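Chemist:
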């Protein structure tokens, strides 16, 4: 049970089969509380709602209360979150959803309790239903076409906020994958968004990026700092620097690397998150000296570390930042040593950790394929890819998020689009690095398994269109030297970020850009390669 449960007066149960069995035997609904250690609202609900004696007594008497750390239990999170944290979800003994909400104060909680009791008394278990994303056995498949990329460019143009930057006209999320897609297709949108993120979400005193802004003009940011979101932004700013040479983008990336390698360094790898604290951030920077900074969750998660390894290595590739390279290598070695077993990746180092989760497999694989490109050090990349394809890819080509077993609705198939994009992107790189078509074929099948929904996708999943474009127009820059040579370092900086750079230690000393199987540029020196790539002879 997480440490904050002690702030409540509820007799919480651990997630597992037992509370659902008890619910069936007692005829009571299940109350599922999904919390995360970085959320101020979770702490407020613990103290103000679950800490209220009469509410707690009502819960203990009439429900089977279960508490889950959503960061540590991704399968539960993906099936039951109400769109934010805390998530308060009422379930039947079969795990079906009766109703749910996010934060609830005492009055709101009493109201939903009354509503649930009314539904339960009238319908019993029939009051529950299966969420829509779990009702279909497979996503809508289709064929990859150039129209997928065209549609997403149209979405960028239609959703871009010309006044303030970013996409949308309400809450502003940084959407780093969308920024990366736009860097080669709508660069002005990408750079204006990077500038807005840098100006409004970068903590210039303590370091790191805040999560998102609650206002259209990027005002009133949510001040939690998550490793995966910071890592994704480091990569986006690094790629932005590669395309534009803007020093401010390089500085934002490197300053965030400093934050990740200090505040979010857990000794051998990267910590999961740092909580937001309104009280702390109300202080002027000069007043923060000597105060206790917001809590850091030092759990080392495989997926988030995979993203951090990936991001820091691109910073190193573009800037020769030795600190970024060293910490990425240390995290890679530690995570692979403690969390990888024969290609199966554990979410974190604990006896109750999920293993073989698609996002863990995918994002750690991405970190390892980048390590191969930048350092020539692949680690167990092929073992992880092979295990994932063998154990998570279904006959339809779609990848499942985890094993087909578990309490509640965990035994129902879930095919997460975001994790599929991450995995397919890594498999495209791995196919180029190994010369093995089976990795590209697995990626193609996975991306095609969602192609029937491509026309309904918005800018939030621009990464899908990006990997679809990579599959249709693959580009590889082979470097006929070992990693670390001047030619290899130049290739990393000159290649489009959607191009795979393949160091070949036994090669002939020539770098060649391949569009499919056709050589479109080559050179034996950095200057020759640059001239060939830019058409300057």
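Residue numbers (my numbering): 353 to 889.
Built from N, CA and C at the ideal position, the CB exists for glycine as well.
In this text, all values refer to a predicted model and were calculated from it rather than measured experimentally.
Using only alpha-carbon positions, find the residue among 381, 688 and 869 that is nearest to residue 471.
Modeler: Mapped onto the chain shown, residue 471 falls at position 119. Taking only the C-alpha atoms, the option nearest residue 471 is 381.
Chemist: What are the start and end residues of the beta strand (DSSP E) that includes residue 640?
Modeler: Indexing the chain shown from 1 puts residue 640 at position 288. Where residue 640 is concerned, there is no enclosing beta strand (DSSP E), although the alpha helix (DSSP H) it sits in stretches over 637–640.
Chemist: Measuring alpha carbon to alpha carbon, tell me which of 678, 657 and 666 ends up nearest residue 698.
Modeler: Mapped onto the chain shown, residue 698 falls at position 346. When each option's Cα is compared against that of residue 698, the closest is 657.
Chemist: By the three-class DSSP mapping on this structure, what secondary structure does residue 527 have?
Modeler: Mapped onto the chain shown, residue 527 falls at position 175. Residue state, collapsed to three classes: coil.
Chemist: Quick one: give me the first and last residue of the beta strand (DSSP E) that residue 827 is part of.
Modeler: Here residue 827 corresponds to residue number 475 of the chain shown, with the count starting at 1. Taken as a continuous stretch (DSSP letters only), the beta strand (DSSP E) holding residue 827 covers 827–831.
Chemist: Helix, strand or coil, according to DSSP, for residue 570 in the structure here?
Modeler: Walking along the chain shown from the start, residue 570 turns up at place 218. Three-state result, residue 570: coil.
Chemist: DSSP has residue 698 in a bridge; who is on the other side?
Modeler: The sequence position of residue 698 within the chain shown is 346, counting from 1. 707, per the DSSP bridge assignment.
Chemist: Tell me whether residue 741 sits in a helix, a strand or coil according to DSSP, three-state version.
Modeler: Locating residue 741 in the chain shown gives position 389, counting from the first residue. In the structure shown, residue 741 sits in a helix (DSSP, three-state: H, G or I).
Chemist: Leaving out five residues on either side along the sequence, give the residues of the same chain with a beta carbon under 7 Å from the beta carbon of residue 791.
Modeler: Counting from 1 along the chain shown, the entry for residue 791 is found at position 439. Hits under 7 Å: 737, 779, 782 and 783.
Chemist: Specify the secondary structure class of residue 889 as computed by DSSP and reduced to three states.
Modeler: Numbered from 1 along the chain shown, position 537 holds the residue referred to as residue 889. Confidence at residue 889 is low in this model, with a pLDDT of 41, below 50, so its placement is unreliable and the value that follows should be read with caution. Looking at residue 889 - three-state DSSP - the assignment turns out to be coil, as it is neither helix nor strand.
Chemist: Straight-line CA distance for residue 772 to residue 744?
Modeler: Along the chain shown, read from residue 1 onward, the residue named residue 772 stands at position 420. Along the chain shown, read from residue 1 onward, the residue named residue 744 stands at position 392. Approximately 11 Å between the Cα atoms of the pair.
Chemist: Tell me the DSSP secondary structure of residue 746 in three-state form.
Modeler: In the chain shown, the residue the question calls residue 746 occupies position 394. In the structure shown, residue 746 sits in coil (DSSP, three-state: anything other than H, G, I, E or B).
Chemist: Keeping to the same chain, check which residues put their C-beta closer than 6 Å to that of residue 620; ignore five residues upstream and five downstream.
Modeler: Taking the first residue of the chain shown as 1, we reach residue 620 at position 268. Here the set comprises 686.
Chemist: Once DSSP output is grouped into helix, strand and coil, what is the label at residue 401?
Modeler: Reading the chain shown from its first residue, position 49 is the one you call residue 401. Note: residue 401 maps to helix in three-state DSSP.
Chemist: In whole angstroms, what is the alpha-carbon distance linking residue 374 and residue 647?
Modeler: Residue numbering aside, residue 374 sits at position 22 when the chain shown is read from its first letter. Residue numbering aside, residue 647 sits at position 295 when the chain shown is read from its first letter. Whole-angstrom Cα-Cα distance: 35 Å.
Chemist: DSSP state of residue 853, grouped into three classes?
Modeler: Taking the first residue of the chain shown as 1, we reach residue 853 at position 501. Here residue 853 sits in strand by DSSP.
Chemist: Taking contact to mean at least 3 C-beta pairs separated by less than 8 Å, is the stretch 657–673 in contact with the stretch 701–720?
Modeler: Yes, the stretch 657–673 touches the stretch 701–720.
Chemist: Could you tell me how far apart the beta carbons of residue 615 and residue 626 are, in whole angstroms, since I believe they sit closer than 8 Å?
Modeler: Here residue 615 refers to the residue found at position 263 when the chain shown is read from its first residue. Here residue 626 refers to the residue found at position 274 when the chain shown is read from its first residue. Going by Cβ atoms, the distance from residue 615 to residue 626 rounds to 6 Å, so yes, they are a contact pair.
Chemist: Quick check: the Cα distance between residue 727 and residue 587, rounded to an integer number of angstroms?
Modeler: Looking up residue 727 in the chain shown gives position 375. Looking up residue 587 in the chain shown gives position 235. Approximately 17 Å, taken between the alpha carbons.
Chemist: Under DSSP, the alpha helix (DSSP H) around residue 422 begins and ends at which residues?
Modeler: Counting from one through the chain shown, the residue named residue 422 turns up at place 70. Taken as a continuous stretch (DSSP letters only), residue 422 belongs to no alpha helix (DSSP H), as it is neither H nor E.
Chemist: Enumerate in chain order the residues of its own chain whose CB-to-CB distance from residue 574 is below 7 Å, with the five nearest sequence positions on each side excluded.
Modeler: Here residue 574 refers to the residue found at position 222 when the chain shown is read from its first residue. If we look at residue 574 and ignore the five residues flanking it on each side, its Cβ neighbours are 562, 563, 564, 566 and 628.
Chemist: Output the boundary residues of the beta strand (DSSP E) element that contains residue 345.
Modeler: A question about residue 345 goes unanswered here, because the residues of the chain that appear run from 353 up to 889.
Chemist: Who does residue 649 pair with in a DSSP beta bridge?
Modeler: Residue numbering aside, residue 649 sits at position 297 when the chain shown is read from its first letter. Answer by DSSP bridge pairing, in chain order: 625.
Chemist: When you compare each of 542, 751, 688 and 371 to residue 734 by their alpha carbons, which one comes out closest?
Modeler: Your numbering for residue 734 matches position 382 in the chain shown. Ranking the options by Cα distance to residue 734, first place goes to 688.
Chemist: Alpha carbon to alpha carbon, what distance is there between residue 521 and residue 404?
Modeler: Position 52 of the chain shown, counting from 1, holds the residue named residue 404. Position 169 of the chain shown, counting from 1, holds the residue named residue 521. Near 38 Å, if we compare the C-alpha coordinates of residue 521 and residue 404.
Chemist: Exposed or buried, residue 377, counting other C-beta atoms within 10 Å across all chains shown (16 or more means buried)?
Modeler: Walking along the chain shown from the start, residue 377 turns up at place 25. The residue in question, residue 377, is exposed, as its Cβ has fewer than 16 Cβ neighbours within 10 Å.
Chemist: Between the stretch 587–601 and the stretch 529–537, can you find at least three pairs of beta-carbon atoms closer than 8 Å?
Modeler: Result yes; three or more Cβ-Cβ pairs closer than 8 Å.
Chemist: So, are the CB atoms of residue 358 and residue 407 less than 8 Å apart?
Modeler: Within the chain shown, residue 358 is the residue found at index 6, counting from 1. Within the chain shown, residue 407 is the residue found at index 55, counting from 1. No, these two residues do not count as a Cβ contact at 8 Å.
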